[in-house]
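Numbering (the working numbering), first residue to last: 2 to 135.
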């Protein structure tokens with residue numbers, strides 16, 4: 002039986018979150034899907050569930066938007082770079098940005114990939130096959 006994964010979606014767009022969550026659920030590859038509407042909410046989630054010494058179950062993958070209020074995706078990446086995590090996080094940027102400067106800037110952090118919105122079943126299953134079959 003395939004392992005099912007815990008995924009954190011970080012995006013401020015309500016409609017996009019509904020679509021992304023539905024796509025992930027339709028693949029049958031996720032056990033749990035969590036949502037954060039900005040980087041600050043995602044940081045708090047990571048503090049509660051993923052830091053060394055915490056009792057949370059952790060997550061397997063973060064799908065991260067770049068353009069959000071309060072704390073954007075780049076600020077989130079900067080903030081968690083200093084955290085002492087139980088396991089390395091697999092972070093994939095999922096954004097509407099096609100600006101090469103954003104892509105180059107994102108790859109300065111330890112991200113596992115860069116996808117354009119919207120997420121599709123094909124994109125997610127391909128991502129799953131590349132990143133998560135451990």
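Ideal placement from N, C-alpha and C gives every residue a C-beta, glycine not left out.
May I ask you to list the residues that DSSP assigns as paired with residue i?
i           : result
residue 113 : In DSSP, residue 113 forms no bridge with anything.
residue 35  : 9
residue 96  : 117
Is it buried or exposed, residue i, if we count other Cβ atoms within 10 angstroms and call 16 or more buried?
i           : result
residue 2   : With a pLDDT of 46 at residue 2, under the threshold of 50, the modelled position of that residue is not reliable, and no figure is offered here.
residue 42  : buried
residue 39  : buried
residue 16  : exposed
residue 99  : exposed
residue 61  : buried
residue 119 : exposed
residue 130 : exposed
From residue i to residue j, what does the alpha carbon distance come to, in whole angstroms?
i           : j           : result
residue 19  : residue 10  : 10 Å
residue 90  : residue 63  : 7 Å
residue 1   : residue 109 : Since the first residue of the chain shown is 2 and the last is 135, residue 1 is not available in this structure.
residue 97  : residue 72  : 17 Å
residue 44  : residue 31  : 21 Å
residue 125 : residue 8   : 12 Å
residue 48  : residue 122 : 30 Å
residue 111 : residue 5   : 23 Å
residue 12  : residue 85  : 24 Å
When every heavy atom of the ligand GDP is checked, does at least one fall within less than 8 Å of the C-beta of residue i?
i          : result
residue 81 : This structure lacks the ligand GDP, and indeed carries no ligand of any kind.
ask   = Quick check: the stretch 94-109 against the stretch 64-84, are there 3 or more CB pairs under 8 Å?
value = yes
key: alpha helix (DSSP H) runs contained entirely in the stretch 43-67, provided each spans 4 or more residues   = none
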